[in-house]
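In full-length UniProt numbering, the protein residues as written are 1 to 306. Beta carbons are placed, not taken as given, at the ideal position from N, Cα and C, and that holds for glycine. Notes follow the structure.
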Amino acid sequence: MMRLTVLGSAAGGGFPQWNCGCPQCVAVRGNHADFQGRTQDSVAATCDGESYVVLNASPDILEQIKRTRALWPRAPRHSPIRAIVLTNGDMDHVLGLFSLRESYPLALYATETVWRGLESNAFLRTLQRFEGHVVWRRLEIGRDTEIRDAAGESTGVHLRAFAAPGKLPVHLMGHGTPSPEDNVGLVLHDGSAPRRSAVYLTACAHLETLSELEGHSALLFDGTFYREDELVRLGLSHAVAKDMAHLPIQVDDGRGSLARLSSLAGRKIYTHINNTNPILSNSSEERRTVESAGFEIAFDGMDITL
1 MMRLTVLGSA
11 AGGGFPQWNC
21 GCPQCVAVRG
31 NHADFQGRTQ
41 DSVAATCDGE
51 SYVVLNASPD
61 ILEQIKRTRA
71 LWPRAPRHSP
81 IRAIVLTNGD
91 MDHVLGLFSL
101 RESYPLALYA
111 TETVWRGLES
121 NAFLRTLQRF
131 EGHVVWRRLE
141 IGRDTEIRDA
151 AGESTGVHLR
161 AFAAPGKLPV
171 HLMGHGTPSP
181 EDNVGLVLHD
191 GSAPRRSAVY
201 LTACAHLETL
211 SELEGHSALL
221 FDGTFYREDE
231 LVRLGLSHAV
241 AKDMAHLPIQ
251 VDDGRGSLAR
261 LSSLAGRKIY
271 THINNTNPIL
281 SNSSEERRTV
291 ESAGFEIAFD
301 GMDITL
């Protein structure tokens with residue numbers, strides 16, 4: 001049996017975002033009862049409660065470990081975190097790697113494209129202090145993979161990556177060629193039969209097909225924006241959701257994720273939620289709309305048992 005723990009449920013920047021004075025960030029800083037603070041997107045998966053695989057290394061990973069007892073060391077030099085899987089090369093998914101530099105072996109799973117992006121950064125040297133400090137294993141699209149730690153021992157977690165519509169990270173724009181490996185979703189399971197599985201897909205530009213998302217016990221999906229022009233309405237940016245390769249929850253033509261995913265069985269959970277998204281308010285009309293359609297809103301510390 002697999003258990004997932006949401007370590008962070010916010011989009012890049014967290015909630016509140018450090019430089020944002022939008023009404024929602026102001027409210028959460030003021031401890032308003034309608035709002036709950038959130039760290040940046042990350043999930044921990046385990047099959048035995050001993051070995052953990054972290055999906056995306058958030059810049060907030062040290063705080064996430066601090067408040068998640070299951071991830072605390074159990075010896076003078078130890079970590080239950082045996083491997084990290086990256087779904088893309090965005091800063092809010094890789095910066096946490098550089099906080100895990102204290103000479104402890106880790107396995108890192110990423111597509112070749114994402115790994116090349118990391119290799120181009122001199123900071124990666126801090127994770128190469130000794131032979132086997134970080135062992136990179138290629139994440140191959142479409143292949144079922146048993147996740148193993150740096151020594152080759154199984155964690156019990158199995159996954160299959162699938163290409164998802166996205167884009168190059170901002171820092172690689174103009175320095176790389178777009179590839180299907182830039183952004184992936186993950187199907188996670190424990191290898192047993194009958195198989196109970198979950199999908200983790202927190203960056204998705206559109207839903208041209210639902211085939212990869214059907215038939216699972218749980219779906220953690222991109223809930224970054226509620227509306228296409230959310231940032232524009234608040235005067236925070238000229239960019240809209242599609243500029244950042246995110247599908248909004250609600251779209252007037254019925255092609256938003258709420259309408260497209262409503263027919264799926266299993267738990268449907270929005271995560272990677274931007275600080276401007278009104279579903280962050282416990283009493284908002286938008287939150288009521290989402291919950292009445294059978295969706296849940298992820299929060300830091302949320303446990304999902306498959």
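Worksheet item: DSSP state of residue 303, grouped into three classes?
Response: strand
Worksheet item: So, do the region 195–214 and the region 86–97 have three or more beta carbon pairs nearer to each other than 8 Å?
Response: yes
Worksheet item: Between residue 25 and residue 16, what straight-line distance do the alpha-carbon atoms span, to the nearest angstrom?
Response: 5 Å
Item to complete: Counting only the same chain and skipping the five closest in sequence on each side, list residues whose C-beta sits under 6 Å from that of residue 241.
Response: 225, 228 and 248
Item to complete: Work out the CA separation of residue 270 and residue 244 for me, nearest whole Å.
Response: 17 Å
Discussion item. Cutting at 8 Å between CB atoms, please list the residues of its own chain near residue 165, excluding the five before and the five after it.
Written reply: 183, 204, 205, 206, 208 and 245
Worksheet item: What's the gap between the Cα of residue 171 and the Cα of residue 194?
Response: 42 Å
Discussion item. Suppose the cutoff is 8 Å on Cβ atoms and the five residues either side in sequence are ignored; what does the same chain contact list for residue 98 look like?
Written reply: 123, 126 and 127
Item to complete: For the beta strand (DSSP E) holding residue 46, just list the boundary residues, first then last.
Response: 42–46
Item to complete: Would you decide whether residue 148 is buried or exposed? Buried here means 16 or more other CB atoms lie within 10 Å of its CB.
Response: buried
Item to complete: Using only alpha-carbon positions, find the residue among 49, 282, 168 and 142 that is nearest to residue 308.
Response: The structure shown has nothing for residue 308, since the chain only spans 1 to 306.
Practice prompt. Find the nearest neighbour of residue 296 within the set 306, 305, 285 and 279, judged by alpha-carbon distance.
Written response: 279
Practice prompt. Return helix, strand or coil for residue 198, following the three-state DSSP convention.
Written response: strand
Worksheet item: Does the pairing of the region 137–148 with the region 107–121 give three or more beta-carbon distances under 8 Å?
Response: yes
Discussion item. Judging by CA-CA distance, which residue of 31, 257, 168 and 188 is the nearest neighbour of residue 294?
Written reply: 257
Discussion item. What does the alpha-carbon distance come out to for the pair residue 284 and residue 303?
Written reply: 24 Å
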